[in-house]
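See below for the structure under consideration.
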Amino acid sequence: SQQGEEDPQALSIQEGENATMNCSYKTSINNLQWYRQNSGRGLVHLILIRSNEREKHSGRLRVTLDTSKKSSSLLITASRAADTASYFCATDRGSTLGRLYFGRGTQLTVWP
Amino acid sequence: KAGVTQTPRYLIKTRGQQVTLSCSPISGHRSVSWYQQTPGQGLQFLFEYFSETQRNKGNFPGRFSGRQFSNSRSEMNVSTLELGDSALYLCASSLQVNEKLFFGSGTQLSVL
Chain A
-9 SQQGEEDPQA LSIQEGENAT MNCSYKTSIN NLQWYRQNSG RGLVHLILIR SNEREKHSGR
51 LRVTLDTSKK SSSLLITASR AADTASYFCA TDRGSTLGRL YFGRGTQLTV WP
Chain B
117 KAGVTQTPRY LIKTRGQQVT LSCSPISGHR SVSWYQQTPG QGLQFLFEYF SETQRNKGNF
177 PGRFSGRQFS NSRSEMNVST LELGDSALYL CASSLQVNEK LFFGSGTQLS VL
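Going down the list, the sequences are from chains A and B. When we follow the working numbering, the leftmost residue of the first sequence carries the number -9, and every step to the right adds one. When we follow the working numbering, the leftmost residue of the second sequence carries the number 117, and every step to the right adds one.
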């Protein structure tokens, strides 16, 4: 069963623009993670934000977490064509067992 | 460090056959998890192993099984294949439970 719900399902922008993707979840969490996937390949970990953190940065990525609203956002600044991929959020539902719950993903297309 | 290696990359089988997929985690990672990805269901958790013990299992029929060896390498087996088993099967390893999963490129299974 899915945990996160990414919004929008698809996003199309021009190079240089910013891309914002949102994720909502339903249960308490220990952490929330964002992953990226190029078509037909494995997922690549982008960033992890813990439940007691509100914002985290990594290069052109900025992630926010609002546990009161059970939502997170991923901002990619100054997008490049190479950022074209699917982006997924994943949570642990507060469990310490080895299982993540992934959303359906946002398909980002960046046009040159 | 070598990444997560999954073999084979592509597999074509017919209904009723069985298949074994292999995963070699990153050296030092003891947690290995498996996910099934389809366009309709998204990423679905199959199982997670830690030090040769299955700690968590997703909601899949008993035809899906797995194991982990003492060197942390893992295999998953699907018996009596059905058309609906066609999917990308992803293996991931991690140093700490539920944190920063490193995914392999996946095995694309087609059942005819």
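Just so it is clear, CB atoms sit at the ideal spot from N, CA and C, and this is done for glycine as well.
One alpha carbon belongs to B/LEU137, the other to B/MET192, and they sit about 5 angstroms apart. Fully contained in the segment 156 to 219 of chain B are the following beta strand (DSSP E) runs of length 3 or more, in chain order: 158 to 166, 169 to 173, 180 to 184, 190 to 194, 203 to 210.
Close CB contacts of A/ILE3 within its chain, under the 8 angstroms cut and outside five residues either way in sequence, are with ALA9, SER69, LEU98, THR99, VAL100, TRP101 (chain order).
By the criterion of at least three beta-carbon pairs nearer than 8 angstroms, the segment 82 to 94 of chain A is in contact with the segment 144 to 164 of chain B. Taking 9 angstroms as the Cβ-Cβ cut-off, the segment 209 to 226 of chain B approaches chain A at SER210, VAL213, ASN214, GLU215, LYS216, LEU217, PHE218, PHE219, GLY220, SER221, GLY222, GLN224, given in chain order. One Cα belongs to A/ALA71, the other to B/THR196, and the distance between them is close to 42 angstroms. In the same chain as A/SER41, and ignoring 5 residues on each side of it, the C-beta atoms closer than 7 angstroms to its own belong to ILE19, ASN20, ASN21, THR57, in chain order.
Rounded to whole angstroms, the Cβ separation of B/TRP150 and B/GLY182 is 6 angstroms, and the two are in contact under 8 angstroms. At a cut-off of 8 angstroms between C-beta atoms, A/THR86 counts as an interface residue with respect to chain B.
Under DSSP, A/GLN97 shares a beta bridge with A/ALA0, A/SER76.
Contact between the segment 118 to 126 of chain B and the segment 161 to 172 of chain B is absent: fewer than three C-beta pairs spanning the two stretches fall below 8 angstroms. If you ignore the 5 residues before and after A/GLY95, its C-beta comes within less than 7 angstroms of the C-beta of GLU(-4), SER76, TYR77, PHE78, all in its own chain and listed in chain order. In the displayed model, B/ALA118 falls within coil according to three-state DSSP, outside both helix and strand. Around the beta-carbon of B/SER190, 16 or more other beta-carbon atoms lie within 10 Å, marking it buried. Rounded to whole angstroms, the Cβ separation of B/SER221 and A/ARG26 is 14 angstroms, and the two are not in contact under 8 angstroms. Bridge partners of A/ILE19 according to DSSP: none are assigned. Pairing A/ALA80 with B/ARG146, the inter-Cα distance amounts to about 20 angstroms.
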